[in-house]
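Take a look at the structure below.
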Amino acid sequence: MAKMLIGAAGSGGSGTVNTDGVTIQGNGSVATPIALLDAITDGVTLQGAGISSSKLALKAVQTNSGLTGTGAVGSPLGLTPSNFYSIGSFGGGPTQAVTANTLVICGVVIPLAVVFSNFTFWLAAGDASHDSDIGIYTPAGALLANLGAQLLTGTGAPQTIATLQSGVVIQPGKYLVAWTSAASTLSLYTDAQTNAPWCWFSSASYGTSVGGACPASITAPAQSIARGGPLPWLGLS
-14 MAKMLIGAAG SGGSGTVNTD GVTIQGNGSV ATPIALLDAI TDGVTLQGAG
36 ISSSKLALKA VQTNSGLTGT GAVGSPLGLT PSNFYSIGSF GGGPTQAVTA
86 NTLVICGVVI PLAVVFSNFT FWLAAGDASH DSDIGIYTPA GALLANLGAQ
136 LLTGTGAPQT IATLQSGVVI QPGKYLVAWT SAASTLSLYT DAQTNAPWCW
186 FSSASYGTSV GGACPASITA PAQSIARGGP LPWLGLS
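Residue 29 in the numbering used here sits at position 44 of the sequence shown; the count goes up by one each step and never skips.
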């Protein structure tokens, strides 16, 4: 126990002050112990054993994909998703047709958060007799959004069609763009391989589909980097 000498009040003498690190006890003019505050922390709260009897809670921020705070910040801390993103670019030349009841897929990287309810695309050849579909999958093969099996026609200009899923939000990362048809007529404009970025996977005939609809899930492809193609021009909005 450490000791120190102080002058006693009203006298020329001195008193001894003893401290054990928690209290100061004086045998001079100070008649009662003076408690020091003892703050204990378990990493979440500050607990005071002295004059403060209540807990001083630290604000805990727990995050999910949207960076949602459960502490002082009650709203998501994430950036506002963009309401438009363009996959690929329209060169007006290369096209990619489907093989009936299979999928054309291309692995892309989307570098920002996007919220969308529509696909914009340009058909090189439509099909007025057989249902077709366009969709986006996770790298694990789960369908995120698609148009639904329908007749896709019209080749003179880009067209925008609402997806079955509204207000889809995707975070930056890897995705698979796919399209399919019940016949082998449908064709989309794609990037030229000389201008297109690298894809983390691509196939002109992958898996199987039924009735011209993108299946709810596909087998997750292993990464196999390829240049360009079949990378479609696809707008998300």
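Ideal Cβ positions, reconstructed from N, Cα and C, are used throughout, including at glycine.
- It is roughly 12 Å from the alpha-carbon of residue 146 to the alpha-carbon of residue 130.
- In terms of CA proximity to residue 186, 160 leads the group 69, 66, 65 and 160.
- Nearest in C-alpha terms to residue 143, of all of 103, 190, 209 and 133, is 103.
- Counted as a single uninterrupted DSSP element, the beta strand (DSSP E) harbouring residue 82 occupies residues 80 to 82.
- When C-alpha distances from residue 101 are compared across 149, 201, 172 and 165, the shortest belongs to 149.
- Cβ contact annotation for residue 201 (same chain, cutoff 6 Å, sequence separation greater than five): 128, in chain order.
- Boundaries for residue 199: no beta strand (DSSP E) harbours it, and the DSSP string shows neither H nor E there.
- Under the DSSP assignment, residue 95 falls in the beta strand (DSSP E) whose first and last residues are 88 to 95.
- Scanning its chain for C-beta atoms nearer than 6 Å, with the 5 sequence neighbours on each side dropped, one finds around residue 96 the residues 157, in chain order.
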